[in-house]
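As they're listed, the protein sequences go chains A and B. Quick note on numbering: the first sequence equals residues 1161 to 1416 in our numbering. Quick note on numbering: the second sequence equals residues 127 to 454 in our numbering. Every residue, glycine too, gets a C-beta built ideally from N, C-alpha and C.
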Amino acid sequence: MRLPPVLRLLVRNFESNLDVITLIVMFGQPAFLIVVLGTMFTPIVGNLGTSGSYTSFLVPGMIASQMITGAVLSGRIFWLDRRWSMVEQLFSGPFRRYEYLAALLLTTLTFALVGVGIMAVVALPLVGLPLLSPLELLDILGTIGLGAIFFGGLLIALGCRIRSANLYFTIQSVLQYFLVFISTVYYPVTSKTPFVLRAIVYANPLTYAANTVRDAFRHHFGPGDVIAAAILAGLSAVTFTLAVIAFRSLDFGPVQ
Amino acid sequence: MSDVVVARATGLGFAYRPGEFAVRNLDLELHRGEVFGLLGRNGAGKTTTVRLLTTLLPPTEGTGELFGRDLRHCGRAERERIGVVLQSESLDFVTVERNLTLYAFLWSVPREVAKSRAEEMLELFELNHVRRRKPWALSGGERRRFQVARELMHEMDLLFLDEPTVGLDALTRKRILAYLAARAKRGLSIVFTTHILHEADELCDRIGILQGGRLRATGAPADLKREYRGSRFVEAEFDRPVTPEEDRDLDAMLARRNPEFTQVARSAARVEFRAPDAEGLVAELAAWTASRGLRLVRIAVREPTLEEAFVGLVADGAGLEDDREDAS
Chain A
1161 MRLPPVLRLL VRNFESNLDV ITLIVMFGQP AFLIVVLGTM FTPIVGNLGT
1211 SGSYTSFLVP GMIASQMITG AVLSGRIFWL DRRWSMVEQL FSGPFRRYEY
1261 LAALLLTTLT FALVGVGIMA VVALPLVGLP LLSPLELLDI LGTIGLGAIF
1311 FGGLLIALGC RIRSANLYFT IQSVLQYFLV FISTVYYPVT SKTPFVLRAI
1361 VYANPLTYAA NTVRDAFRHH FGPGDVIAAA ILAGLSAVTF TLAVIAFRSL
1411 DFGPVQ
Chain B
127 MSDVVVARAT GLGFAYRPGE FAVRNLDLEL HRGEVFGLLG RNGAGKTTTV
177 RLLTTLLPPT EGTGELFGRD LRHCGRAERE RIGVVLQSES LDFVTVERNL
227 TLYAFLWSVP REVAKSRAEE MLELFELNHV RRRKPWALSG GERRRFQVAR
277 ELMHEMDLLF LDEPTVGLDA LTRKRILAYL AARAKRGLSI VFTTHILHEA
327 DELCDRIGIL QGGRLRATGA PADLKREYRG SRFVEAEFDR PVTPEEDRDL
377 DAMLARRNPE FTQVARSAAR VEFRAPDAEG LVAELAAWTA SRGLRLVRIA
427 VREPTLEEAF VGLVADGAGL EDDREDAS
């Protein structure tokens, strides 16, 4: 049976370019944070209103942040493909550019969802997981899917333009930490949060994703989440378009 | 080699920036079963030409065809019929053996076929002992062999090899070239870029010499050598070193009697010239030697090597105004 090109590339993406240690670190780090931060901060922070304990607050945030983990892994695959001329090699073969791009985004999405599953497994013995309605589950997966496309598109667009591995991985790390820490993944925005910081937090798509997952966990799904999903969809469309444009004009000059 | 054209370029060109052409006015036809060598100095446009013909770059001028279809509109159907060994190393981060089968999987080669072909390639390219290693752990020559082996995992009608023998020892090179020649005899067309000119001389049916992005000459290696200014080489060796006075006399005689000669090499008892009228030069050298009481130990006329023809052709065009560095 001849598999469709996107699926063949997807299989390759999973097999090539990623070693087991990288995967353990990428998925293990947030799981580790849930356990360590949750255990250490819960007694200090106390109860966080409707969210309950700090660990209960943290888990949805870490689940939302998996969209970044997925995007980072795909960005890494793309960068290594560029560095080792596999992009050029594949484009001279039986693949179209959009198929390669689609496979990368599908890889992002799959990694993000695998991350969600791992976080859920880690969270289960600590705080348990709420019984979600199909709509809430769809909301969580949709939000993470859109977020993965947003960050995946952004990193791919950057990866198309940057020729230096040092610069690419520096930007990716800074972006990753900036987005995770200036969001509501680890802490809520309150009336005491400085205005500038609050403005940046609300300009960050990860905030909307974390809030949406949190709302779904608390069964507080409402119009705000629909608006958040719409904003995320709009932003994802923008970065996806950027990735497509960057891909169309991707040159095969040397990268280091 | 058959008359069936597999790829064609008509006035084909590519500019990385407006007005800065890496390749220009390329006219070329590649036939089924033909081995075509692309020669040129670094930056002459060889890699850009390969990228154009493999649809990796869209032409910015002229037209081209791959299997009868306009290069600008070529898609999967045409690319499935070509193989490309890039100048740069391309690899997946799995073992050598898995790289071969994974690549075959990408090309939809049935699993059983892929497995047996991988064994064949590992054997042919002497990679059996490193089959479980990751490609980046291989030596330079092994990596190059691996690149060629991997590309041969799928079927194709036209194979582009961009400097495939860089870093290979002479024996391995010979074996790979022999394998490629055999495949060409069975109908595979090959475009081959190299800096090792005797290798091109051995393997290629036709050769194109690129300079400054333009095709300066095309033809069979023998024709290129013969047509290169119509010149041949005359080598003469005397029984003793010539004196300074004889040396000056020889110069004067040659300048007077055969002004079109070019001295290639000269030592005390040996001279080598390139001359359009080699037989005339031989007669004059013989007469001059006798008149000076010298004896010719050896005198020979030979065709230029491909390297001499190449160097001569490229040197002639060294001052082309439109020379452009290949940005690739």
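Heavy atom of the ligand ZN within 7 angstroms of residue i beta-carbon
| i | result |
| --- | --- |
| Arg205 (chain B) | This structure simply doesn't include the ligand ZN, nor any ligand for that matter. |
Cutoff 8 angstroms: residue i Cβ touching any chain B Cβ
| i | result |
| --- | --- |
| Met1279 (chain A) | no |
| Asn1336 (chain A) | For the sequence presented, residue 1336 (chain A) should be read as Gln rather than Asn. Cβ-Cβ to chain B under 8 angstroms: no for Gln1336 (chain A). |
| Met1246 (chain A) | yes |
| Ser1324 (chain A) | no |
| Arg1257 (chain A) | no |
| Val1275 (chain A) | The residue you asked about is not Val; residue 1275 (chain A) is Gly in the sequence shown. No - not a single Cβ of chain B is within 8 angstroms of the one on Gly1275 (chain A). |
| Pro1220 (chain A) | no |
| Ser1176 (chain A) | yes |
| Arg1374 (chain A) | no |
| Ser1252 (chain A) | yes |
| Phe1412 (chain A) | yes |
| Gln1226 (chain A) | no |
CB contact below 8 angstroms: residue i versus chain A
| i | result |
| --- | --- |
| Val390 (chain B) | no |
| Glu451 (chain B) | Unreliable positioning characterises Glu451 (chain B) in this predicted model, as indicated by a pLDDT of 41, which lies under 50. The coordinate reading is nonetheless provided below. For Glu451 (chain B), the answer is no, since every Cβ of chain A falls outside 8 angstroms of its Cβ. |
| Glu206 (chain B) | yes |
| Leu212 (chain B) | yes |
| Thr180 (chain B) | yes |
| Arg198 (chain B) | no |
| Glu215 (chain B) | yes |
| Asp218 (chain B) | yes |
| Leu228 (chain B) | yes |
| Ser234 (chain B) | yes |
| Phe251 (chain B) | no |
| Phe231 (chain B) | yes |
| Arg243 (chain B) | no |
| Arg202 (chain B) | yes |
Distance, residue j Cα to residue i Cα
| i | j | result |
| --- | --- | --- |
| Leu232 (chain B) | Arg243 (chain B) | 15 angstroms |
| Thr1353 (chain A) | Ser265 (chain B) | 58 angstroms |
| Ala404 (chain B) | His199 (chain B) | 51 angstroms |
| Leu323 (chain B) | Arg299 (chain B) | 13 angstroms |
| Gly1382 (chain A) | Leu1410 (chain A) | 41 angstroms |
| Thr1350 (chain A) | Ser1234 (chain A) | 34 angstroms |
| His1380 (chain A) | Glu1296 (chain A) | 9 angstroms |
| Gly419 (chain B) | Arg400 (chain B) | 24 angstroms |
| Asp449 (chain B) | Arg167 (chain B) | In this prediction, Asp449 (chain B) has a pLDDT of 40, which is less than 50 and means its spatial position is unreliable; nothing more can be read from the coordinates. |
| Met1279 (chain A) | Gln1249 (chain A) | 36 angstroms |
| Leu253 (chain B) | Lys241 (chain B) | 15 angstroms |
| Ile335 (chain B) | Ala326 (chain B) | 11 angstroms |
| Gly1288 (chain A) | Leu1273 (chain A) | 19 angstroms |
| Ala1263 (chain A) | Phe1238 (chain A) | 11 angstroms |
| Val292 (chain B) | Gly267 (chain B) | 7 angstroms |
| Leu248 (chain B) | Arg1168 (chain A) | 23 angstroms |
| Gly159 (chain B) | Leu278 (chain B) | 16 angstroms |
Nearest candidate by alpha-carbon position, reference residue i, set the options
| i | options | result |
| --- | --- | --- |
| Val130 (chain B) | B:Glu146, B:Thr181, B:Leu183, B:Leu192 | B:Leu192 |
| Ser216 (chain B) | B:Arg276, B:Glu363, B:Asp196, B:Ala343 | B:Arg276 |
| Ala170 (chain B) | B:Leu314, B:Gly338, B:Arg269 | B:Gly338 |
| Arg177 (chain B) | A:Ile1300, A:Tyr1362, A:Met1227, A:Gly1253 | A:Gly1253 |
| Gly407 (chain B) | B:Met379, B:Ala395, B:Arg392 | Going by the sequence as given, residue 407 (chain B) is Leu instead of Gly. Of B:Met379, B:Ala395, B:Arg392, the residue nearest in Cα terms is B:Met379. |
| Asn151 (chain B) | B:Gly139, B:Leu179, B:Gly145 | B:Gly139 |
| Arg366 (chain B) | B:Phe359, B:Arg374, B:Pro184, B:Arg396 | B:Arg396 |
| Arg1243 (chain A) | B:Ala230, B:Asp218, B:Gly201, B:Val211 | B:Asp218 |
| Glu1113 (chain A) | A:Asp1241, A:Val1404, A:Met1200 | Here chain A comprises residues numbered 1161 to 1416, so residue 1113 (chain A) is not present and cannot be evaluated. |
| Gln1336 (chain A) | A:Val1232, A:Phe1217, A:Leu1292, A:Ile1204 | A:Val1232 |
Endpoints, alpha helix (DSSP H) assigned at residue i
| i | result |
| --- | --- |
| His458 (chain B) | With chain B represented from 127 up to 454, any question about residue 458 (chain B) goes unanswered, as that position is not in the structure. |
| Phe1329 (chain A) | 1325–1341 |
| Tyr229 (chain B) | 222–232 |
| Tyr1346 (chain A) | Looking at the DSSP string, Tyr1346 (chain A) is not in any alpha helix (DSSP H), and its letter there is neither H nor E. |
| Ala409 (chain B) | 404–417 |
| Gly1319 (chain A) | 1294–1321 |
| Asp1375 (chain A) | 1365–1377 |
| Gln1420 (chain A) | Given that chain A is displayed from residue 1161 to residue 1416, the structure contains no residue 1420 (chain A) and the question cannot be resolved. |
| Leu1286 (chain A) | 1257–1287 |
C-beta contact flag for residue i and residue j at 8 angstroms
| i | j | result |
| --- | --- | --- |
| Phe1412 (chain A) | Leu182 (chain B) | yes |
| Phe1198 (chain A) | Thr1182 (chain A) | Note on residue identity: the sequence assigns Gly, not Phe, to residue 1198 (chain A). Taking 8 angstroms as the Cβ cut-off, Gly1198 (chain A) and Thr1182 (chain A) do not qualify as a contacting pair. |
| Ile1331 (chain A) | Leu1318 (chain A) | yes |
| Ala148 (chain B) | Ala141 (chain B) | yes |
| Ser1225 (chain A) | Gly1313 (chain A) | no |
| Ile1184 (chain A) | Ala1283 (chain A) | no |
First through last residue of the beta strand (DSSP E) which encompasses residue i
| i | result |
| --- | --- |
| Leu1218 (chain A) | Run containing Leu1218 (chain A): none in the beta strand (DSSP E); it sits in the alpha helix (DSSP H), 1214–1224. |
| Ile333 (chain B) | 332–337 |
| Glu363 (chain B) | 358–364 |
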